[in-house]
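Chemist: For the sequence shown, position 213 (counting from the first letter as 1) is numbered 238 according to our numbering, and the numbering increases by one without interruption. From the three backbone atoms N, C-alpha and C, an ideal C-beta is built for every residue, glycine too. Below are the structure tokens for one structure; questions will follow.
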Amino acid sequence: MANQDLDERTLNPPPSGDGDIETAHEEDTTPVAELEGGRVEELDPETRARRDAALRQVRKLGDPVLRASALGVERFDDVLQSEIERMGELMEDALGIGLAATQIGILHRVLVYRADPEDPLTALVNPVLEWSSEETETASEGCLSIPFVHVEVERPAEVRVRARDGRGEELEVQASGLAARVIQHEIDHLDGVLILDRISRVQRKEAMRAMREAQEAAIAGNGSDRPVPDSEAHSGASEESPGQGEGDSHADEAVPDASSGGWE
Ligand SMILES: [Zn+2]
């Protein structure tokens, strides 16, 4: 089931000044391709401030919008263009490698990603997963909407997606490795699905505990230079997600009430 045969770039990611890719967990040799989230400890103050500002605009776990299904885009106009541009900028500033429109509260089927720093930013509008491989890969994922959490997620190793670009031109993307993973992660967002839904109940409990501990540590260890918690932050809210999966599967999602530091 778990397949460690990741491509070489994922196994040996290029040194990343962006902080959007982690190389490995210390405790094992599992390749880690961190999605969306990044390391903050080593960032220079300016980059970190920019990242914090971007993250404040990203909806967090507990916000019902993350559980909504986004609607297909019908108008390929300037509004859509600027939406895509804004998403790209936010993603870059947040040091992420992917972002879905729902994460900034826009219920449009739009996602942006850049799995390889060498690649241009790609925007997929109305993406449809046409095909996915039977072969799967398991790797660690983070999410800008779920601070401090990294979980091992198993996904098809390769996908083919049909979509439109920001101008309405049809495009088809065949992706493997990290690109396939980030595309699937973002399409999940458009369907109201989070990485927490892709793991077992036990793993989910563990992830939520890790998040609580990390939030507490961040508050305790770094209180002084912390931005004022954003009023739009929704951590602390519990959420209801009718009709999703195994009924109580989101029961653990209630985010601990934390003035959770720089993450909002
Ligand atoms: Zn995410």
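Between the Cα of residue 174 and those of 153, 188 and 224, spot the shortest distance and give me the residue it belongs to.
Modeler: The residue you call residue 174 lines up with position 149 of the sequence shown. Ranking the options by Cα distance to residue 174, first place goes to 224.
Chemist: Any chance the CB of residue 158 is under 6 Å from a heavy atom of ligand 1?
Modeler: Reading the sequence shown from its first residue, position 133 is the one you call residue 158. Outside the cutoff, so no.
Chemist: If you draw a straight line from the C-alpha of residue 90 to the C-alpha of residue 246, how long is it?
Modeler: Within the sequence shown, the letter at position 65 stands for residue 90. Within the sequence shown, the letter at position 221 stands for residue 246. Distance between the alpha carbons of residue 90 and residue 246: 31 Å.
Chemist: For residue 166, count the other beta carbons within 10 Å of its own beta carbon; 16 or more makes it buried, fewer makes it exposed. Which is it?
Modeler: In the sequence shown, the residue the question calls residue 166 occupies position 141. Burial call: buried.
Chemist: Considering only their Cβ atoms, is the gap separating residue 211 from residue 93 smaller than 7 Å?
Modeler: Translated into the one-based positions of the sequence shown, residue 93 becomes position 68. Translated into the one-based positions of the sequence shown, residue 211 becomes position 186. No, the pair does not count as a contact, with Cβ atoms beyond the cut-off.
Chemist: Are residue 208 and residue 168 closer than 7 Å when you measure CB to CB?
Modeler: Within the sequence shown, the letter at position 183 stands for residue 208. Within the sequence shown, the letter at position 143 stands for residue 168. No, they are not a contact pair.
Chemist: Mark residue 85 as exposed unless 16 or more other C-beta atoms lie within 10 angstroms of its C-beta, in which case mark it buried.
Modeler: In the sequence shown, residue 85 corresponds to position 60, counting from 1. Its Cβ being crowded by 16 or more others within 10 Å, residue 85 is buried.
Chemist: Indicate the three-state DSSP secondary structure (helix, strand or coil) for residue 215 in the structure shown.
Modeler: To locate residue 215, count along the sequence shown from 1; it is residue 190. If DSSP states are grouped into helix, strand and coil, residue 215 belongs with the helices.
Chemist: Throw me the rounded Cβ distance for the residue 189 and residue 151 pair, which I believe falls under 8 Å.
Modeler: Your numbering for residue 189 matches position 164 in the sequence shown. Your numbering for residue 151 matches position 126 in the sequence shown. About 6 Å separates the two Cβ atoms, so the contact holds.
Chemist: Assess, as a yes-or-no matter, whether the region 190-208 is touched by the region 100-113 under the definition of 3 or more beta carbon pairs within less than 8 Å.
Modeler: Verdict: yes, contact present.
Chemist: Give a single yes or no on whether residue 170 has its beta carbon closer than 6 Å to a heavy atom of ligand 1.
Modeler: Stepping through the sequence shown from its first residue, residue 170 is reached at position 145. Under cutoff, so the answer is yes.
Chemist: I need the straight-line Cα distance from residue 68 to residue 123, nearest angstrom please.
Modeler: Taking the sequence shown and counting its residues from 1, the one referred to as residue 68 is at position 43. Taking the sequence shown and counting its residues from 1, the one referred to as residue 123 is at position 98. Spanning the two alpha carbons is a distance of roughly 19 Å.
Chemist: For residue 177 versus residue 161, is the C-beta distance shorter than 7 Å?
Modeler: For the purposes of this step, residue 177 is taken as residue 152 along the sequence shown, with counting starting at 1. For the purposes of this step, residue 161 is taken as residue 136 along the sequence shown, with counting starting at 1. No, they are not a contact pair.
Chemist: Run through the region 67-143 for me and flag every whole beta strand (DSSP E) of 3 or more residues, listed as ranges in chain order.
Modeler: Taking only runs of at least 3 residues, the beta strand (DSSP E) segments lying wholly in the region 67-143 are 123-125 and 135-138.
Chemist: State the DSSP-derived secondary structure class of residue 338, mapped to helix, strand or coil.
Modeler: Summary: the structure shown does not reach residue 338, with the chain confined to residues 26 through 289, and so no result is reported for it.
Chemist: Out of 170, 232, 81 and 204, state which residue places its alpha-carbon closest to the alpha-carbon of residue 217.
Modeler: Here residue 217 is taken as the residue at index 192 of the sequence shown, counted from 1. That would be 170, whose Cα lies nearest to the Cα of residue 217.
Chemist: With residue 238 as the anchor, note down where its alpha helix (DSSP H) starts and where it stops.
Modeler: Position 213 of the sequence shown, counted from the start, is the residue given in the question as residue 238. Here the alpha helix (DSSP H) through residue 238 covers 226-246.
Chemist: Could you tell me if residue 108 is buried or exposed, where buried requires 16 or more neighbouring beta carbons within 10 angstroms of its beta carbon?
Modeler: What you label residue 108 is simply residue 83 of the sequence shown in a count that begins at 1. Its Cβ being crowded by 16 or more others within 10 Å, residue 108 is buried.
Chemist: Looking at residue 139 and residue 146, is the spacing between their C-beta atoms short of 7 Å?
Modeler: The sequence position of residue 146 within the sequence shown is 121, counting from 1. The sequence position of residue 139 within the sequence shown is 114, counting from 1. The answer is yes: Cβ separation under 7 Å.
Chemist: Considering only their Cβ atoms, is the gap separating residue 95 from residue 132 smaller than 7 Å?
Modeler: As a working mapping, residue 132 is identified with position 107 in the sequence shown. As a working mapping, residue 95 is identified with position 70 in the sequence shown. Yes, the pair counts as a contact, with Cβ atoms nearer than the cut-off.
Chemist: Can you tell me the Cα-Cα spacing of residue 254 and residue 81, whole angstroms?
Modeler: Position 229 of the sequence shown, counted from the start, is the residue given in the question as residue 254. Position 56 of the sequence shown, counted from the start, is the residue given in the question as residue 81. Any reading at residue 254 must be qualified, since the residue scores a pLDDT of 39, below 50, and its modelled position is unreliable; the value itself is stated next. About 9 Å.
Chemist: Does DSSP put residue 196 in a helix, a strand or coil?
Modeler: Locating residue 196 in the sequence shown gives position 171, where the first residue counts as 1. Strand at residue 196.
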